[in-house]
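Protein chains: 2
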Amino acid sequence: MVGKSPAVVLLSGGLDSATVLALAAREGFAPYALSFRYGQRHLIELTAAEKVARAGGAVQHLVVDVDLGVFGGSALTSDDMAVPHHDDVAELDGDIPATYVPARNTVFLSLALAWAETLGSTDIFIGVNALDYSGYPDCRPEYIAAFQRMANLATKAGVEGDAVLQIHTPLIALSKADIIRVGTSLGVDYALTHSCYEPDARGTACRTCDSCLLRAKGFAEAGLSDPALAATAWGGGG
Amino acid sequence: MVGKSPAVVLLSGGLDSATVLALAAREGFAPYALSFRYGQRHLIELTAAEKVARAGGAVQHLVVDVDLGVFGGSALTSDDMAVPHHDDVAELDGDIPATYVPARNTVFLSLALAWAETLGSTDIFIGVNALDYSGYPDCRPEYIAAFQRMANLATKAGVEGDAVLQIHTPLIALSKADIIRVGTSLGVDYALTHSCYEPDARGTACRTCDSCLLRAKGFAEAGLSDPALAATAWGGGG
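Taken in order, these protein sequences are the chains called A and B. Counting with this note's numbering, you get residues 1081 to 1318 for the letters of the first sequence. Counting with this note's numbering, you get residues 1081 to 1318 for the letters of the second sequence.
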């Protein structure tokens, strides 16, 4: 790793963050992948994250425990709220959905900041996307800019003025189809990724949650079939 | 609790946050106390936090697991680094000490933000202090202002524009002696609080870590004796 700067890459095991990992590596960083056990309904995405980290050449992959489930307030962490399902992607109305986890990106970026500071890294990568973004407030460019400003005041490096922390959001202006095209050109194996909010016990995607619908739309618009669906027993092809 | 707005109060079990809890209650908020099991060397402070929360009239006290120890980089979470000890408070030189936990306040405030959002609260209280503050970058007013700006872009309320989140830092301009005077006037029982970074197995304060020295200086300047020390078996009186 001589000469390579370390960068912390937030890795969910989904399609977006797998692409971000590949982009961080292409930019010449030594990627340190960070995932969370945060009280999500299923841990299939962490298994996916582990495979993606290995395939993507992460120097290290850390899974940190942070229990967001204790606060409730989201269909992704609370059994009291249902994950919404739709027949068609056109039904997604742009409102903030029940799957929004309060302050999740803020918590995840804060933990990435903690690791970056101990690694001596000034670079954090996150796969937020302002276009096909499911309506989450903490995916907007103005939010990311404000986080970066705060982060530069939060740390030793900021006080000493000898480093400037940067939050990289290489997907922010891309459509899902663009992301898939970019990742495919970089050799990302999307068969390893997992996007579904509510898979069955065998890990099979539901195809009707917001995340499945946006993923299917992306592959369709990119003119590609989804290798993760092709790999399932029931033979779906996206 | 009719008519009272909920506020999230970060509660470490130390002297400062116990005072903040009392101030939040005096301002008319219904306080929700939040503490963390974050990989700290000892859990005595969490026992203290529980007592302080009860005595201070917290509506609820939540202890959230978030493992900052996995990142290393601090004497408070890593056995590889020693907690510094000094003979005298004058030896504290203003540099960022080994007890600094990377991004700790950012992580804690982010989790407070998650709880505030699920509670429908727009108020978070934190006992940071820019005067007798041990040299931590994330205790400075400009850092807090930047966090508040970011937080207002991070949440549903920020998007919908119908609420403005405020980070309250009532101790920011106070000396340790001022804090103790204010808290004493509000009836805070400092015998319940714990400040020491490296107590012995019985929970007795070391009297020589930065936190013990700043606490002792505060009580001395306020012309009061420290009831937590008076309560120990060896009969110290501050």
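A virtual CB, placed ideally from N, CA and C, is assigned to each residue, including glycine. These numbers come from a predicted model, not from an experiment.
{"Asked": "Sufficient close CB pairs (3 or more, under 8 Å) joining the region 1089 to 1099 of chain B to the region 1265 to 1275 of chain B", "Found": "yes"}
{"Asked": "Beta-carbon proximity of residue 1110 of chain A to residue 1142 of chain A, cut-off 9 Å", "Found": "no"}
{"Asked": "Chain B contact residues for residue 1152 of chain A, given Cβ-Cβ distances below 8 Å", "Found": "1198"}
{"Asked": "Neighbourhood of residue 1187 of chain A by C-beta distance below 7 Å, restricted to the same chain and skipping five residues each side", "Found": "1146 and 1148"}
{"Asked": "Supposed contact pair residue 1267 of chain B and residue 1096 of chain B - C-beta distance, whole angstroms, cut 8 Å", "Found": "In fact, because the Cβ distance is near 16 Å, the residues do not count as touching under 8 Å."}
{"Asked": "Beta carbon proximity, residue 1187 of chain A to chain B, threshold 9 Å", "Found": "yes"}
{"Asked": "Pairwise C-alpha distance: residue 1190 of chain A and residue 1218 of chain A", "Found": "13 Å"}
{"Asked": "Selected residue, minimal CA-CA separation from residue 1032 of chain B, among B/1285, B/1290, B/1291 and B/1302", "Found": "Any answer about residue 1032 of chain B is impossible in this case: the structure gives chain B only from 1081 up to 1318."}
{"Asked": "Distance between residue 1302 of chain B and residue 1216 of chain A (C-alpha atoms, nearest Å)", "Found": "49 Å"}
{"Asked": "Counterpart residues of residue 1117 of chain B in DSSP-defined beta bridges", "Found": "B/1145"}
{"Asked": "Same chain, Cβ closer than 7 Å to residue 1220 of chain B, neighbours up to 5 away in sequence not counted", "Found": "1210"}
{"Asked": "Given residue 1289 of chain A as reference, the closest of A/1205, A/1200, A/1231 and A/1162 once Cα atoms are compared", "Found": "A/1162"}
{"Asked": "Residues near residue 1307 of chain B by beta carbon distance below 6 Å, same chain, minus five either side", "Found": "1270 and 1271"}
{"Asked": "Uninterrupted beta strand (DSSP E) stretches inside the region 1189 to 1264 of chain B (no shorter than 3 residues)", "Found": "1203 to 1205 and 1246 to 1248"}
{"Asked": "Per-residue DSSP class, three states only, for residue 1090 of chain B", "Found": "strand"}
{"Asked": "Within 9 Å, strictly: CB atoms of residue 1299 of chain B and residue 1257 of chain B", "Found": "yes"}
{"Asked": "Neighbour-count burial assignment, residue 1128 of chain B, 16 or more Cβ in a 10 Å radius", "Found": "buried"}
{"Asked": "Residue 1227 of chain A at chain B interface by Cβ criterion, 9 Å", "Found": "yes"}
{"Asked": "C-beta contact flag for residue 1115 of chain A and residue 1203 of chain A at 9 Å", "Found": "no"}
{"Asked": "Status (buried if at least 16 other CB within 10 Å, exposed otherwise) for residue 1251 of chain A", "Found": "buried"}
{"Asked": "Contact set between residue 1370 of chain B and chain A, taken where Cβ atoms lie within less than 8 Å", "Found": "Since the first and last residues shown for chain B are 1081 and 1318, residue 1370 of chain B lies out of range."}
{"Asked": "Cα-Cα separation, residue 1196 of chain A to residue 1304 of chain B", "Found": "42 Å"}
{"Asked": "C-beta atoms of residue 1087 of chain A and residue 1248 of chain A nearer than 9 Å", "Found": "yes"}
{"Asked": "Assumed close pair residue 1169 of chain A, residue 1294 of chain A - CB separation to whole angstroms, cut-off 8 Å", "Found": "7 Å"}
{"Asked": "Residue closest to residue 1117 of chain B, alpha-carbon to alpha-carbon, out of B/1278, B/1144 and B/1228", "Found": "B/1144"}
{"Asked": "Amino acids of chain A, ordered along the chain, whose beta-carbon sits closer than 7 Å to that of residue 1144 of chain B", "Found": "1147 and 1150"}
{"Asked": "is_contact[residue 1125 of chain B, chain A] using C-beta, thresh 9 Å", "Found": "no"}
{"Asked": "Environment of residue 1244 of chain A [buried if 16+ CB atoms lie within 10 Å]", "Found": "exposed"}
{"Asked": "Chain B contact for residue 1211 of chain A (CB, 9 Å cutoff)", "Found": "no"}
{"Asked": "Chain A contact for residue 1231 of chain B (CB, 9 Å cutoff)", "Found": "yes"}
{"Asked": "Below-9 Å beta-carbon distance, residue 1115 of chain A vs any chain B residue", "Found": "no"}
{"Asked": "Residue 1313 of chain B at chain A interface by Cβ criterion, 9 Å", "Found": "Unreliable placement is indicated for residue 1313 of chain B, whose pLDDT of 42 sits below 50; no coordinate value is reported for it."}
{"Asked": "Completely contained alpha helix (DSSP H) runs for the region 1265 to 1293 of chain A, where each covers 4 or more residues", "Found": "none"}
{"Asked": "is_contact[residue 1320 of chain A, chain B] using C-beta, thresh 9 Å", "Found": "In the structure as shown, chain A begins at 1081 and stops at 1318. Residue 1320 of chain A is therefore absent and cannot be evaluated."}
{"Asked": "Short CB-CB distance (under 9 Å) between residue 1222 of chain B and chain A", "Found": "yes"}
{"Asked": "Assigned secondary structure, residue 1110 of chain A (DSSP; H/G/I helix, E/B strand, else coil)", "Found": "strand"}
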